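Participant: Got a structure for you, written out below as structure tokens; questions coming shortly.
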Amino acid sequence: MTRSDRAPAAGPAAPSPERAERRERLSAIFHGVLAGDRRDLDRLVAELTPLLWRVARATGLDAASCEDVVQQTWLTLLGRGEQIRTADAMLGWLVTVARREALRVHSTQNRTRPVADQALDPVPDDGPPVDDVIVTDERRRVLWRVVRQLPERCVQLLQVIAFSDRPDYATIAVALGMPKGSIGPTRGRCLAKLRELLSAQQDWSWR
Amino acid sequence: MNGSSEPLAPAARAPIDETDLAILDQLAELYSTVDPVPSGLVERARFAVALDEIDVELLRLAEETTLAAGARGERGRIFTFTNAVTLTIRIVGLTEETVRIDGWLAPPAPHLVTLRTGAGRIDRVADEDGRFVFAEVPQGPAQFLVRPAGRTEAPENVLVTKAVVL
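Protein chains in written order, with our numbering: chain E, 1 to 207; chain S, 208 to 373.
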């Protein structure tokens, strides 16, 4: 069996109803928050905290500090929300604030490094290594093994992208400081590499 | 990855398809398993932003210290938050359900300090040394607000902390 046999036929993807629904919901919430609706702010926190958590964690910051970063990002939205002019801009703004906040905390924890340069550097993941034991499911174990073969910047990008919706991939990549074209609407190097590595795995099955 | 070092492989130039989305879904599931959002974080963040005040400025957490157990076995924590003022909070457990909070503002000033909990708000005006006390408050999520003295007519200058769990 060749690799291409194992992958389902490739072609432009139609958005699944579930994904399209989530994005529509988010868009309505963004408009509500922009108009000052507090219930929408509450909904937004629930919807996007998982994404902002990954943005913070992708910088390599420890978990306790990332909790602060996420909360402080939401409070910054409360105080500085007027910087956001359109609902479309809100997602990129939140990702940018969370990443900056995480890098800022990182720099105070590593005062010996110059702050200005650090913002542009990939930050090594000095968090506790995730034990293989946690990843008991075989599919997850294969994926985890493959992810760790990717360049650090790709890991940073893809773990955040995985928590977002396709029309937002390009915006989020830019907010993460990645070059334009890193992902969306085309696959980009990182996702192409991940897919290629997975194809080479004997024990990976495309469902 | 920077686009100029080598040409993009055809696979990288291809539009994202259902297989890619399936891989990303599984990646999300993987990260949700190995490094999930901490329990209670969403609730704490929702509590923190559920403020009547709209124009707030962030008092950032600068330091958090856990104190060694005291003579009666009580454990304490010290939080330091900074912005235009520095707010230091010491939380010591009194009973199973209540804590005592001692606070300091630096530079010292008689600012209005509000403790916001799920049960409501308690106000204290710091003394001339910048000190204030909440003698007995219930445990649970809580947030501190500082209104600089003399600016009570201008609530846009309210400083707020993240939610901490007392």
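We put the beta carbon where it would ideally sit given N, CA and C, even for glycine.
Since we're looking at a predicted model, the values are computed, not measured.
In whole angstroms, give me the CA-to-CA distance for S/A188 and S/T321.
Facilitator: Given that chain S is displayed from residue 208 to residue 373, the structure contains no residue 188 of chain S and the question cannot be resolved.
Participant: Any beta-carbon of chain S closer than 8 Å to the one on E/R54?
Facilitator: Taking the first residue of the first sequence as position 1, residue 54 of chain E is located at position 54. True, the Cβ-Cβ gap to chain S drops below 8 Å.
Participant: When the Cα atoms are used, what is the spatial distance from E/V147 to S/N364?
Facilitator: To locate residue 147 of chain E, count along the first sequence from 1; it is residue 147. To locate residue 364 of chain S, count along the second sequence from 1; it is residue 157. For E/V147 and S/N364, the distance between alpha carbons rounds to 46 Å.
Participant: Suppose contacts are defined by Cβ-Cβ distances below 8 Å. Is S/V332 in contact with S/I308 by that definition?
Facilitator: The residue you call residue 332 of chain S lines up with position 125 of the second sequence. The residue you call residue 308 of chain S lines up with position 101 of the second sequence. It is not a contact, given that the beta carbons lie outside the stated cut-off.
Participant: Do three or more CB pairs link the segment 214-227 of chain S to the segment 19-26 of chain E at distances below 8 Å?
Facilitator: Output reads no: the segment 19-26 of chain E does not touch the segment 214-227 of chain S.
Participant: Are at least three pairs of beta-carbons, each pair with one atom in the segment 55-74 of chain E and one in the segment 30-39 of chain E, less than 8 Å apart?
Facilitator: Flag = no, the segment 55-74 of chain E and the segment 30-39 of chain E do not touch.
Participant: If we call anything under 8 Å between Cβ atoms a contact, is E/A89 one with E/T59?
Facilitator: For the purposes of this step, residue 89 of chain E is taken as residue 89 along the first sequence, with counting starting at 1. For the purposes of this step, residue 59 of chain E is taken as residue 59 along the first sequence, with counting starting at 1. Cβ distance not < 8 Å, so E/A89 and E/T59 don't count as in contact.
Participant: Short of 7 Å in beta carbon distance, which residues of its chain neighbour E/L157, apart from the five on each side in sequence? Order them along the chain.
Facilitator: Here the question's residue 157 of chain E lines up with position 157 in the first sequence. The answer, listed in chain order, is A173, L176, M178, S182, I183, C190.
Participant: Taking the alpha-carbon of E/W204 as reference, which of E/V142, E/T108, E/Q149, E/Y169 has the nearest alpha-carbon?
Facilitator: Sequence index remark: in the first sequence, residue 204 of chain E carries index 204 (1-based). Measuring from the Cα of E/W204, the nearest candidate turns out to be E/V142.
Participant: Helix or strand or just coil, what does DSSP make of S/D262?
Facilitator: Here residue 262 of chain S refers to the residue found at position 55 of the second sequence. Looking at S/D262 - three-state DSSP - the assignment turns out to be coil, as it is neither helix nor strand.
Participant: Which residues, taken in chain order from the segment 182-201 of chain E, show a beta carbon closer than 9 Å to some beta carbon of chain S?
Facilitator: Within the segment 182-201 of chain E, the residues whose Cβ lies closer than 9 Å to some Cβ of chain S are S182, I183, G184, P185, T186, R187, G188, R189, C190, L191, A192, K193, L194, R195, E196, L198, listed in chain order.
Participant: For the beta strand (DSSP E) that contains S/F341, what are its first and last residues?
Facilitator: Translated into the one-based positions of the second sequence, residue 341 of chain S becomes position 134. Where S/F341 is concerned, the enclosing beta strand (DSSP E) stretches over 338-345.
Participant: So, helix, strand or coil for S/A221, using DSSP?
Facilitator: In the second sequence, counting from the first residue as 1, residue 221 of chain S sits at position 14. In the structure shown, S/A221 sits in coil (DSSP, three-state: anything other than H, G, I, E or B).
Participant: Does DSSP classify S/W311 as helix, strand or coil?
Facilitator: For this step, residue 311 of chain S is matched to residue 104 along the second sequence. Here S/W311 sits in strand by DSSP.
Participant: If you run the structure through DSSP and keep just helix, strand and coil, what is S/F286?
Facilitator: Position 79 of the second sequence holds residue 286 of chain S. Note: S/F286 maps to strand in three-state DSSP.
Participant: Less than 8 Å between CB atoms is the rule here; does E/R113 satisfy it with respect to chain S?
Facilitator: Your numbering for residue 113 of chain E matches position 113 in the first sequence. For E/R113, the predicted model reports a pLDDT of 43, less than 50, meaning its position is unreliable; a value from the coordinates is still stated below. Chain S, which has no Cβ nearer than 8 Å to the Cβ of E/R113, makes this no.
Participant: Suppose the cutoff is 7 Å on Cβ atoms and the five residues either side in sequence are ignored; what does the same chain contact list for E/L77 look like?
Facilitator: Walking along the first sequence from the start, residue 77 of chain E turns up at place 77. Same-chain partners within the cutoff: L94.
Participant: Can the beta-carbon of S/L366 be found less than 8 Å from the beta-carbon of S/E264?
Facilitator: Against the second sequence, residue 366 of chain S aligns to sequence position 159. Against the second sequence, residue 264 of chain S aligns to sequence position 57. Yes, the pair counts as a contact, with Cβ atoms nearer than the cut-off.
Participant: Under the assumption that S/T305 contacts S/Q346 (Cβ atoms under 8 Å), give the Cβ distance between them as a whole number of angstroms.
Facilitator: On the second sequence, position 98 is the one that residue 305 of chain S refers to. On the second sequence, position 139 is the one that residue 346 of chain S refers to. Their Cβ separation, rounded to whole angstroms, is 7 Å, which keeps S/T305 and S/Q346 in contact under 8 Å.
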